[in-house]
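Here is the structure we will look at, set down as structure tokens.
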Amino acid sequence: MFFMDFYESSNPLELELPGVLNDMSSIEKLVVVRCLRMDKVVPAIRNYVSETLGEYFVEPPLYALETVVDELSYDPSVPIILVLSPGADPNAELDRVAELRGMAQSKLFKLSRGQGQDVPACEMMDTGTKEGHWVFLQNCHLYADFMPRLSRMIEDYSDAAAKERLHRNYRLWLTSLPSDVFPIAILQNGVKLVQEPPKGLKSNLLQSYLSDPVADAEFFNGADTPQVWQKLLFGLCFFHAVVQERRQYGPLGWNRPYEFNDMDRRISVRQLQMLLNENELVPYDALLYLIGECNYGGRVTDDWDRRCLMATLEVYLTPMMLEDDYVFSDDALEYFSPPYGEYESYVTYIQSLPVQQPPTIFGLHENADITKDEREARFLLDATLTTQPRDAPAASSSSTSTSTKDAQKDPKTAVKALAADVLQRLPPLFDVEAIQARYPIDYSQSMNTVLLQEAIRYNRLLAVVRKSLAEVQDAISGKVVMSSELEQVFLSMYDGKVPQLWKKRSYPSLKPFGAYVADLIARLQFLQTWYAEGPPAMFWLSGFFFTQSFLTGVMQNYARKNHIEIDKLVWDFTVETEAAETFTHGPEDGCYVNGLYLEGAGWANGVLTESKPKELFISFPVMKLVPLVPDNAMQCPVYACPCYKTTDRKGVLSTTGHSTNFILTVNLPRDPQQSENHWVLRGTALFTQLEY
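Position 84 of the sequence shown, counting from 1, maps to 84 under UniProt numbering, and the rest follow consecutively.
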């Protein structure tokens, strides 16, 4: 009973463990949390560190450039290194500090690193050391050739005699992304600061109102229609905070983590005021295009993210924003369009907002917090795993097929036993010639070609897996040399992860080692059954190596049968109500598919519904896919749902011209009372496989 309460509780860390479990050490209690509530691992670790080492070690230090400048006044030779992070721009902060210290304008030299900039950089540093200027070299990671020379110059300035010749006001500022080309000597001798954008909707929104140009009284009061201007200004700043905060939800927020920053906000705010002053009516379409498609959309490379960006912007740049009772989310009533007033009234309203915001304000379901917290916990545990020595067993944060008994052995014995077990479970390679003989190329049956191509692809992967496992066994036994490639396979298996060598030949997968092997065997069995018994009545969509090939084959069969150009066809989708076991024959046209999972929504009564609490994914019902001419595919209101192979959603274009992850768009029926944008903001998507 306790474990059910622990699992269901919104604050499980406040519950007292029963019996002997309560006598465990603090670190052992973390294991219980890891097993039952992965989403609470990070808060539990934070509590453990606070209790063991003190509150100081869990509170982030305050970021203040002026304090650093004052602390280094005794030694101007020490460089100040600003490590760049997504969404952070130190330029404005440095300009502010330079103004406070009387080092602005002609006393602050700025240079963005790039090809041919080494001579100007050296001249700036030489002048700065003599006349007491600040030198700001940006993006050092982009010019690897100059970094050794810069390191020598900084080392020369550190000499005791050279320090006496340095002007006491001289400072060297460097910015760089984390990079292996940045000299270690500079890192060791310099002061390193990481500026991150404010975390939390409240902090982000407050920064927008306390920064230029919004904080400038002349600009804030400079619109011809002040009420409309200030209302839409608040909406735009709120939008800026939302698109940044969606990043913390990983693929559920954005397929790719975009670096929206203050420059996007500044240019958008100025354009908003300009367009309002130049037009009698609010040009909403122009604003949506300039701000959504150009300013913010210019950073967006994924079409589905662009759809989400525009859906988000439409919540805040709308005529409803001018109404005082306009609430941004029905599930978060404290977030609304504040009444028209003075600048201070907006700041006061922002300061009254809660520190922790619900995911519903971003358009996401409450379950999104669980997804976010579990993702953060796995990242932390996987990072911790990399610090462990390889001379003692270590457990992966993900499930593995290594038994408890094997984990107690030394690494070599455990990996050798694991390799032998996997080799014993793997089937032999497919007989390609037998498949060609039984399923010859047929103009009217493209599925024959699909089966053959799938067998060839899986054979390539299976050959690599078998060869590497056998070689790892031989290397452990001392029969062959343990090469760097085999060592990587060995370490990956020991950590419960799929070796990189396999991934190069594999279909996309985020599964840990044990789940990956089980999934691979199931895929091979699916093809073997197809070969032995003929095309199945229902196709397991998750089992295909190259899913687009199968879908093209189905559409090609229909096009050839009905003498229709394949380019004129689209998919028509029907979600079936019967269980998968009841389908014994395939449809006359098209195909039945199963094996899909739905995230960001539930399914009931033939339409999308809200997810149930703690139900992150659901197994989606059987679908019937039929190619049709568009005029014959009229439907009820639908949501254009993207279907991906893996839950990380992002992919790249392969040599075939298809994405390595995105498969197709599935039109799912929705309740007419809910707009399509509702499910867009929910991040609703289908997947052929999960992470476990």
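For each residue, glycine too, the CB sits at the ideal point set by N, CA and C. Keep in mind the model is a prediction, meaning the values are calculated, not measured.
Here L201 has A241, E245 and Q357 as same chain residues with Cβ atoms under 6 Å from its own Cβ, once five neighbours each way along the sequence are excluded.
Taking 4 residues as the shortest admissible run, the UniProt domain "Dynein heavy chain AAA lid" (229-368) contains the following complete alpha helix (DSSP H) segments, listed from N- to C-terminal end: 262-278, 284-287, 303-316 and 343-351.
Residue L628 holds the alpha-carbon nearest to the alpha-carbon of N562 among L174, Q271 and L628. Within the DSSP secondary-structure output, R171 pairs in a beta bridge with W134. By the neighbour-count criterion, in which 16 or more other beta carbons inside 10 Å mark a residue as buried, Y692 falls on the exposed side. If you draw a 10 Å sphere on the C-beta of Q556, you find 16 or more other C-beta atoms in it, and that means buried.
Rounded to the nearest whole angstrom, the C-alpha separation of R46 and G496 is 26 Å.
The beta-bridge partner set that DSSP reports for T574 consists of K624.
Taking the Cα positions, Q674 is about 10 Å away from Y639. Our two residues, L322 and Y340, have alpha carbons roughly 9 Å apart in a direct line. Between A215 and L276, the C-beta spacing is not below 8 Å.
Around the beta carbon of P512, 16 or more other beta carbons sit within 10 angstroms, so the residue counts as buried. Shown here, V652 sits in coil according to DSSP, grouped into three states, outside any helix or strand. Nearest in C-alpha terms to R649, of all of R256, P12, A121 and R165, is R256. Of the other Cβ atoms in all chains shown, 16 or more fall within 10 Å of the Cβ of Y644; this residue is therefore buried.
Judged by their CB atoms, L527 and L461 are not nearer to each other than the 8 Å cut-off.
Rounded to whole angstroms, Y516 and V415 show a C-alpha spacing of 16 Å. Taken in chain order, the complete beta strand (DSSP E) segments of 3 or more residues contained in the region 517-568 are 538-540. Between P642 and T665 a beta carbon distance of about 6 Å is seen, short of the 8 Å cut, so the two are scored as contacting.
Between the alpha carbons of E374 and G54 lies a gap of roughly 25 Å. Less than 8 Å divides the Cβ of L317 from the Cβ of L287. In the displayed model, S85 falls within coil according to three-state DSSP, outside both helix and strand. Under the 8 Å Cβ criterion, the region 530-540 counts as touching the region 580-589, having at least three qualifying pairs. Here the alpha carbons of T127 and V68 stand approximately 22 Å from one another.
Linking L13 to S26 through their CA atoms gives a straight-line distance of about 12 Å. Boundaries around S208 are those of the alpha helix (DSSP H), L201 to L210, since no beta strand (DSSP E) includes it. Under the three-state reduction of DSSP output, V638 falls in the strand class. Contact annotation: V472 and V489 have beta-carbon atoms nearer than 8 Å.
Following the DSSP letters along the chain, one finds F109 inside the beta strand (DSSP E) bounded by residues L108 to S112.
For C591, the enclosing beta strand (DSSP E) stretches over residues C591 to N594.
Taking the Cα positions, Q525 is about 29 Å away from T413. Contact annotation: P183 and S158 have beta-carbon atoms that are not nearer than 8 Å. Pairing I521 with L21, the inter-Cα distance amounts to about 39 Å.
In terms of CA proximity to P621, E581 leads the group W229, E581, V652 and K568. In the DSSP secondary-structure assignment, P669 is bridged to V638. For a cut-off of 8 Å, the C-beta gap from E599 to T684 is around 7 Å, short enough to register as a contact.
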